[in-house]
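> First the structure, then my questions, so here it is.
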Amino acid sequence: MDWWLTFSRAMKWFLIFVFLIIFIFIISLSTGMIAISFHDILNTLIGNGTAKQELVLFQLRLPRMIMALLIGAGLALSGAILQGLSRNSLADPGILGINAGAGLTVVLCIYFLHGKYFTSPFFLPMFAFVGALTIAIIIYILSWQKGIEPNRLLLVGIGINALCGALLIIFQMKMDPRDFQKATIWLTGSIWGAQWKYVWALVPWIVILLPISFWQAKAMNIFQLGESVSIALGVHVERQRRFLLCISAALAGACVAVGGGISFVGLLAPHLARRLIGPNYYSLLPLSALIGATLLLVADMIGKNILAPADIPIGVVTSIIGSPYLIYMLLTRKNSGLQN
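Next up, the structure:
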């Protein structure tokens, strides 16, 4: 009976967030500098809209909204995997420097390969993955001391994040003014001006890595029992950790390559999912993805409307939302002494 209650509770939240995504998606399609009614949206989708409405919906709004959904789901899954590996609810690809490592690699590619074929949207996620994985491995090695110690992992990650941030500034200062402006906007997590080519560059990574992540739910659940129990149950702990680390880095790298430096989604979404349905990764991973997609869709809608016609980068909005929540989590951990 317990499994049925757990399943029904998870399904309830799945459906709630699916309907939320649909509702917010429709609202976001209709709002912006040019308002479009729901009736006009339907007419445009079936091919009866004006040229202006088709331009706004198909070339301006739909690409950025689909990118927001994909990036939100990808970063949320990356954060959930990192939190499971480290058993630390504060682990996040943005806080630990993995996003910064991916961003640094992309900036280096743009700087050294300016105008080359390898700086296309389809190649940048590969370079970002290499950067994210390199930083993740460095953090993993420096944090290792007879096992992964959560607080040590967090401190090492913050230090690496600061180092990558400093290197980013150095290379930005060496860029010509146009590239500097583009890099600055991109690093703030702006998906303004997103095009379909960026969506198609991201889709294969998300479509492949999402089911692989869900497939690893059993291993993630076993990891929560501790290393000795995991070994006793036949799990090759180190090999599994390296594999999961690669998946997390690939998700974060691909999302950063097309979306820029978007922080806190990988922290907030898994934490909220855990509070709603508990620590079972069979339901935690898909719900984290749904919450991450919802968060970024909401952040995008806020960013394009609150100071219209100006556009606030989506990374700035997530930072404004996420920073107070991070402080709340730190205070809660300090007061309760609880550590996931």
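So for the sequence shown, the working numbering puts the first residue at 1; every next one is plus one. Ideal Cβ positions, reconstructed from N, Cα and C, are used throughout, including at glycine. Since this is a predicted model, take the numbers as computed values, not measurements.
#1: Between which two residues does the alpha helix (DSSP H) harbouring I141 extend?
#2: Work out the CA separation of G234 and I314 for me, nearest whole Å.
#3: DSSP three-state label for N151, please.
#4: In terms of residue numbering, what span does the alpha helix (DSSP H) encompassing I41 cover?
#5: Would DSSP call A51 helix, strand or coil?
#6: Report buried or exposed for H39, applying the criterion of at least 16 other Cβ atoms within 10 angstroms of its Cβ.
#7: Using 8 Å as the Cβ pair cut-off and three pairs as the minimum, do the segment 46 to 60 and the segment 324 to 334 touch?
#8: Determine, using beta carbons only, whether G303 and G103 come nearer to each other than 7 Å.
#9: Given this structure, state the Cα-to-Cα distance separating G347 from R178, to the nearest angstrom.
#10: Once you ignore the five residues that flank S263 on each side, which residues in its own chain have a CB closer than 8 Å to its CB?
#11: Beta-carbon within less than 7 Å of I277's beta-carbon, same chain only, minus the 5 sequence neighbours each way: which residues are those?
#12: Between P125, V237, I208 and G159, which has its C-alpha nearest A252's C-alpha?
#13: Specify the secondary structure class of A102 as computed by DSSP and reduced to three states.
#14: Distance, Cα to Cα, S228 vs R239?
#15: With three or more C-beta pairs closer than 8 Å as the rule, is the segment 207 to 219 touching the segment 73 to 90?
#16: Roughly how many angstroms lie between the CA atoms of G97 and H236, to the nearest whole one?
#17: Quick one, which of G74, S37 and A219 has its alpha-carbon nearest I206's?
#18: Under three-state DSSP, which class holds Q59?
#19: Just to confirm before moving on: does the CB-CB distance between G157 and I137 stay below 7 Å?
#20: On the CB-based measure, 16 or more other CB atoms within 10 Å of its CB, does I36 come out buried or exposed?
#21: Thinking M67 and V258 are a contact (beta carbons under 8 Å), I'd like their distance in whole angstroms, please.
#22: Please work out which residues of its chain come closer than 7 Å, Cβ to Cβ, to R152, disregarding the five sequence neighbours upstream and downstream, and give them in chain order.
#23: Out of L62, G165 and I222, state which residue places its alpha-carbon closest to the alpha-carbon of F25.
#24: Do T31 and N305 have their C-beta atoms closer together than 7 Å?
#25: For N280, which of helix, strand or coil comes out of DSSP?
#26: Going residue by residue through the segment 156 to 214, where are the continuous alpha helix (DSSP H) segments of at least 4 residues, counting only ones entirely within it?
#27: In or out: V56 buried (at least 16 other Cβ within 10 Å) or exposed?
#28: Counting only the same chain and skipping the five closest in sequence on each side, list residues whose C-beta sits under 6 Å from that of A289.
#29: Just verifying my parser: in three-state terms, what is the DSSP assignment at F7?
#30: For the alpha helix (DSSP H) that M220 lies in, which residues bound it at each end?
#31: With 16 as the cutoff for other CB atoms within 10 Å, does M301 come out buried or exposed?
#32: Measure from the alpha carbon of L268 to the alpha carbon of each residue in L244, Y281, L296 and R241, then state which is nearest.
#33: Report yes if the C-beta distance between L85 and R241 is below 7 Å; otherwise report no.
#34: Alpha carbon to alpha carbon, what distance is there between R275 and K197?
Well, looking at it:
#1: Within the sequence shown, the letter at position 141 stands for residue 141. Here the alpha helix (DSSP H) through I141 covers L124 to S143.
#2: Here residue 314 corresponds to residue number 314 of the sequence shown, with the count starting at 1. Here residue 234 corresponds to residue number 234 of the sequence shown, with the count starting at 1. Between I314 and G234, the C-alpha separation is close to 43 Å.
#3: Start at 1 with the first residue of the sequence shown, and residue 151 comes out as number 151. Three-state DSSP puts N151 in a helix.
#4: Along the sequence shown, read from residue 1 onward, the residue named residue 41 stands at position 41. First-last of the alpha helix (DSSP H) with I41: F38 to L45.
#5: What you label residue 51 is simply residue 51 of the sequence shown in a count that begins at 1. If DSSP states are grouped into helix, strand and coil, A51 belongs with the helices.
#6: Against the sequence shown, residue 39 aligns to sequence position 39. Under this definition H39 is an exposed residue.
#7: no
#8: Taking the sequence shown and counting its residues from 1, one reaches residue 303 at position 303. Taking the sequence shown and counting its residues from 1, one reaches residue 103 at position 103. Not a contact, by the Cβ cut-off of 7 Å.
#9: What is shown of the chain runs 1 to 340, which leaves residue 347 out entirely.
#10: Walking along the sequence shown from the start, residue 263 turns up at place 263. Within the same chain, S263 has close Cβ partners D92, G94, I95, N99, G189, G315, T318, S319 and G322.
#11: Numbered from its first residue, the sequence shown carries residue 277 at position 277. Same-chain partners within the cutoff: R9, A10, W13, S283, L284 and L287.
#12: Stepping through the sequence shown from its first residue, residue 252 is reached at position 252. That would be P125, whose Cα lies nearest to the Cα of A252.
#13: Within the sequence shown, the letter at position 102 stands for residue 102. In the structure shown, A102 sits in a helix (DSSP, three-state: H, G or I).
#14: Residue numbering aside, residue 228 sits at position 228 when the sequence shown is read from its first letter. Residue numbering aside, residue 239 sits at position 239 when the sequence shown is read from its first letter. Distance between the alpha carbons of S228 and R239 is about 15 Å.
#15: yes
#16: For the purposes of this step, residue 97 is taken as the residue at position 97 of the sequence shown. For the purposes of this step, residue 236 is taken as the residue at position 236 of the sequence shown. Using only the alpha carbons, I get a separation of about 27 Å.
#17: If you number the sequence shown from 1, residue 206 lands on position 206. Per the Cα distances, G74.
#18: Position 59 of the sequence shown, counting from 1, holds the residue named residue 59. Looking at Q59 - three-state DSSP - the assignment turns out to be helix.
#19: Locating residue 157 in the sequence shown gives position 157, where the first residue counts as 1. Locating residue 137 in the sequence shown gives position 137, where the first residue counts as 1. No; because the gap between Cβ atoms is not below 7 Å, this pair is not in contact.
#20: As a working note, residue 36 is residue 36 in the sequence shown. Answer is buried; the Cβ neighbour count reaches 16.
#21: For this step, residue 67 is matched to residue 67 along the sequence shown. For this step, residue 258 is matched to residue 258 along the sequence shown. Contact flag correct, Cβ pair sits at about 7 Å.
#22: The residue given as residue 152 occupies position 152 in the sequence shown. If we look at R152 and ignore the five residues flanking it on each side, its Cβ neighbours are S143 and Q145.
#23: By 1-based counting over the sequence shown, the position of residue 25 is 25. Answer by Cα proximity: L62.
#24: In the sequence shown, counting from the first residue as 1, residue 31 sits at position 31. In the sequence shown, counting from the first residue as 1, residue 305 sits at position 305. In this structure, N305 lies closer than 7 Å to T31 by Cβ.
#25: Along the sequence shown, one-based indexing puts residue 280 at 280. N280 falls in the coil class under three-state DSSP.
#26: 177 to 187
#27: As a working mapping, residue 56 is identified with position 56 in the sequence shown. Its Cβ being crowded by 16 or more others within 10 Å, V56 is buried.
#28: Mapped onto the sequence shown, residue 289 falls at position 289. A73, A76 and L77.
#29: Position 7 of the sequence shown, counted from the first residue, corresponds to residue 7. F7 falls in the helix class under three-state DSSP.
#30: By 1-based counting over the sequence shown, the position of residue 220 is 220. Unbroken alpha helix (DSSP H) run through M220: A217 to F223.
#31: Position 301 of the sequence shown, counted from the start, is the residue given in the question as residue 301. So M301 counts as buried.
#32: Locating residue 268 in the sequence shown gives position 268, where the first residue counts as 1. Among L244, Y281, L296 and R241, the Cα nearest to that of L268 is on L296.
#33: Here the question's residue 85 lines up with position 85 in the sequence shown. Here the question's residue 241 lines up with position 241 in the sequence shown. The answer is yes: Cβ separation under 7 Å.
#34: Residue numbering aside, residue 197 sits at position 197 when the sequence shown is read from its first letter. Residue numbering aside, residue 275 sits at position 275 when the sequence shown is read from its first letter. Cα to Cα, the separation comes out at about 36 Å.
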